[in-house]
Ligand SMILES: Nc1ncnc2c1ncn2[C@@H]1O[C@H](COP(=O)(O)OP(=O)(O)OP(=O)(O)O)[C@@H](O)[C@H]1O
Ligand SMILES: [Mg+2]
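Protein chains in written order, with the numbering used here: chain A, 1 to 219; chain B, 1 to 335.
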């Protein structure tokens, strides 16, 4: 569902951050993306989310060429992808509940249709008591869980999670991993960028390792 | 540990029917959900306040111009219809001909003409009364060769051939002058056109200025809500959705500003009416009425004020939508 061929990327006129990256992400697959800080993990995620355009090489996402995709199709494709950002990207003027429900709202669904789902999910990630709290008063871990909830609420076809356990304790990290595994079991392809080695050992999955902008894959 | 929730129990798989804007709007106010969802574009902003003030002022000015035009039009219509339907024939006494006989001849001609509703030959006494202001009460006019007047009221429906009547009258009685007030009417209509054109020009200028300030205000709002903008794009909102959210916000600005301006202009007009009425004594009132109608807006005036408010509101929503879409298609993708 995502195919990269010899993709290279540089930010503006800076040095090339990714070189000749090639990989395929299959439907229903589960993989980790690891590598030292600054290796380009977030950059690769942004490319897959079409927030960046490759400076060279070819990338196809859901069978669409990112070089020619229209803004309208980008929006439509993003609705099929769940993305957890390293910096969360929550809206400060909306409650946790409303932030998590945002993807549904953008799809034009009625609140009465999704309310129960959102509340269930927030309870499961341990935010049941923080439904009506605003992001600025949430702890780092709480924001992270809200961001994850927003990414998975619509059960996307693929989940891209950038450091989803960076701000939580090991117990909660394990619990969130269970959520991803369950999601994967029900059909969602999952890609988790992390340097949490404990997390890697919990699941038997493909490892994609980025180092100095080059990608190696261990099946 | 609890199993992961079965999400999307209701929504999964089902094709969602396309919902109209109305039902979507209803959903946000839905009494079922207990409370309204927070608007996606934040409500409170300094730029918003400033824009409402600008819109209120612009709408006020537009309404004043539109209202003034409407008053002038009403008044002019009054004059036009009165004056236009009146024709006077002036007869000078001729040497050796009894003027009463001439009057009779002309009356007969006029009565036989198509398109006449009423004809009245002013009597000697009426004539005298008309001249009183100039000559005084005690003058004995019967000795003087005073011209006499015939006043004709034309029919509303039938078209009178004024030129033909003029010729016939002049042939029958040399020295008879027919006056259909054409010159005066032309001047009047030119003046009305000028005032109306000026008013329309002012309204157009004000609306253009309004549109421009909305463009800048939208840009300001978008800059202030950059994060909202980006997050919306990140969760897959397309241009139409984002434009609609901004448009909704601006529709409210427009409605608020427009209503304030419209109501203010109505207040201004009623004040003007009260002042005009209280300043003038009875005779003055008659003259002012003649000039300005009754300085009253009339149903057409009220209608145009309401229309102006609506135009300002719609203009606000459409301009903001347009500038959001332009902005979005200009910057193809957000990070
Ligand atoms: N917006 C940007 N403009 C310019 N350079 C950038 C930008 N974002 C990232 N970089 C650079 O690209 C390189 C890769 O950054 P990236 O954020 O992808 O690393 P990462 O693997 O996610 O690191 P971490 O594990 O710390 O999150 C870094 O050298 C970084 O300085
Ligand atoms: Mg990163």
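C-beta atoms are modelled at their ideal positions from N, C-alpha and C, and glycine is treated no differently. As the structure is a prediction and not an experimental result, all values here were calculated from the model.
Practice prompt. For the beta strand (DSSP E) containing residue 159/A, list its first residue and its last residue.
Written response: Counting along the chain, residue 159/A sits inside the beta strand (DSSP E) bounded by residues 158-162.
Fill in: Residues sharing a beta bridge with residue 211/A, DSSP
In DSSP, residue 211/A forms a bridge with 214/A.
Worksheet item: Using a C-beta cutoff of 8 Å, does residue 2/B count as contacting chain A?
Response: Residue confidence is low: residue 2/B scores 46 on pLDDT, short of 50, so the model does not pin down where it sits. No coordinate-derived value is stated.
Practice prompt. Look up residue 109/B in the DSSP assignment and give the residues it is bridged to.
Written response: Residue pairing by DSSP places residue 109/B in no beta bridge whatsoever.
Worksheet item: Any heavy atom of ligand 2 within a distance shorter than 7 Å of the CB on residue 269/A?
Response: In this structure chain A extends from 1 to 219, so residue 269/A is not present and cannot be described.
Item to complete: Name, please, each residue of chain A whose Cβ falls closer than 8 Å to the Cβ of residue 342/B.
Response: Lying outside 1 to 335, the shown extent of chain B, residue 342/B is not represented and no answer is given.
Discussion item. Using the three-state DSSP reduction, which class does residue 16/A fall into: helix, strand or coil?
Written reply: Residue state, collapsed to three classes: strand.
Discussion item. List, in chain order, every chain D residue whose beta-carbon is nearer than 7 Å to that of residue 56/A.
Written reply: Although the question refers to chain D, the structure presented lacks it and instead comprises the protein chains A and B.
Worksheet item: Quick one: does the C-beta of residue 264/B sit closer than 7 Å to a heavy atom of ligand 1?
Response: Ligand 1 has no heavy atom closer than 7 Å to the beta-carbon of residue 264/B.
Practice prompt. For residue 237/B, return the contacting residues in chain A, with the cut-off set at a CB-CB distance below 7 Å.
Written response: Going along chain A in sequence order, the residues near residue 237/B (Cβ under 7 Å) are 75, 106.
Worksheet item: Can residue 162/A be considered in contact with ligand 2, in the sense that its beta carbon sits closer than 7 Å to one or more heavy atoms?
Response: Residue 162/A: yes, Cβ under 7 Å from ligand 2.
Worksheet item: Taking C-alpha atoms, which residue in 236/B, 312/B, 231/B, 268/B lies nearest to residue 94/A?
Response: For the residues 236/B, 312/B, 231/B, 268/B, the minimum Cα distance to residue 94/A belongs to 231/B.
Worksheet item: So which residues of chain B does residue 83/A contact, with C-beta pairs closer than 8 Å?
Response: Neighbourhood of residue 83/A in chain B, by CB distance below 8 Å: 234, in chain order.
Worksheet item: Which residues mark the beginning and the end of the alpha helix (DSSP H) in which residue 178/A is found?
Response: Bounds of the alpha helix (DSSP H) holding residue 178/A are 170-185.
Worksheet item: For residue 130/A and chain B, any beta-carbon pair shorter than 8 Å?
Response: Chain B, which has no Cβ nearer than 8 Å to the Cβ of residue 130/A, makes this no.
Discussion item. Quick check on the burial criterion: 16 or more other C-beta atoms within 10 angstroms. Buried or exposed for residue 106/A?
Written reply: Residue 106/A comes out buried.
Worksheet entry | Closer than 5 Å to ligand 1: residues, by C-beta to nearest heavy atom, in chain order | Taking each Cβ in turn, the ones that pass are 11/A, 17/A, 37/A, 38/A, 39/A, 40/A, 41/A, 42/A, 43/A.
Discussion item. Within 10 Å of its beta-carbon, does residue 68/A have 16 or more other beta-carbons around it, so buried, or fewer, so exposed?
Written reply: Counting every other CB atom within 10 Å of its CB across the protein chains shown gives residue 68/A a total below 16, marking it as exposed.
Worksheet item: Are the CB atoms of residue 309/B and residue 262/B nearer to each other than 8 Å?
Response: Result yes, Cβ atoms of residue 309/B and residue 262/B sit closer than 8 Å.
Discussion item. Quick check on the DSSP output: what are the complete alpha helix (DSSP H) runs of length 4 or more inside the stretch 180-236 of chain B, in order along the chain?
Written reply: At a cut-off of 4 residues, the continuous stretches assigned as alpha helix (DSSP H) that sit fully inside the stretch 180-236 of chain B are 182-224, 226-234.
Worksheet item: For residue 339/B, does the three-state DSSP call read helix, strand or coil?
Response: Outside the shown range of chain B (1 to 335) lies residue 339/B, about which nothing can therefore be said.
Worksheet item: When every heavy atom of ligand 2 is checked, does at least one fall within less than 7 Å of the C-beta of residue 144/A?
Response: Checking the Cβ of residue 144/A against ligand 2 gives no.
Discussion item. Tell me whether residue 86/A, by its Cβ, gets closer than 7 Å to a heavy atom of ligand 2.
Written reply: Under cutoff, so the answer is yes.
Discussion item. So, for residue 170/B: in the same chain, excluding its five sequence neighbours on each side, which residues have a beta-carbon less than 7 Å away from its beta-carbon?
Written reply: For residue 170/B, where only same-chain residues beyond five positions count, the Cβ hits under 7 Å are 176.
Discussion item. When you compare the CB of residue 103/A with every CB in chain B, is at least one pair closer than 8 Å?
Written reply: Taking Cβ atoms only, chain B reaches closer than 8 Å to residue 103/A, which makes this a yes.
Worksheet entry | Classification of residue 218/A by the beta-carbon crowding that lies within 10 angstroms, buried from 16 upward | The Cβ neighbour count for residue 218/A, taken over all protein chains shown within 10 Å, is under 16; the residue is labelled exposed.
Worksheet entry | For residue 130/B and residue 154/B, the rounded distance between their alpha carbons | Rounded to whole angstroms, residue 154/B to residue 130/B spans 22 Å at the Cα level.
Worksheet entry | Buried/exposed call for residue 101/B, threshold 16 Cβ in 10 Å | Looking at its Cβ environment, which holds fewer than 16 other Cβ atoms inside 10 Å, residue 101/B is exposed.
Discussion item. Can you confirm whether residue 27/B, when its beta carbon is compared against all beta carbons of chain A, has any partner nearer than 8 Å?
Written reply: Here the model assigns residue 27/B a pLDDT of 47, short of 50, so the residue's position is not dependable and the matter cannot be decided.
Practice prompt. Please name the residue or residues paired with residue 153/B in a DSSP beta bridge.
Written response: Residue pairing for residue 153/B: DSSP places it in a beta bridge opposite 86/B, 118/B.
Worksheet item: Taking only beta-carbon atoms, is residue 78/A less than 8 Å away from chain B?
Response: By this cut-off, residue 78/A is an interface position.
Worksheet item: So residue 82/A packs on residue 4/A, CB below 8 Å; how close in whole Å?
Response: With a Cβ gap of about 19 Å, residue 82/A and residue 4/A do not count as contacting.
Worksheet item: Short check: CB of residue 183/A to CB of residue 152/A, under 8 Å?
Response: In this structure, the beta-carbon distance from residue 183/A to residue 152/A falls below 8 Å.
Discussion item. So that I know if they touch, is there some Cβ in chain B lying closer than 8 Å to that of residue 72/A?
Written reply: Closer than 8 Å: yes.
Worksheet item: Which first and last residues belong to the alpha helix (DSSP H) in which residue 152/A is found?
Response: Residue 152/A -> alpha helix (DSSP H) spans 140-152.
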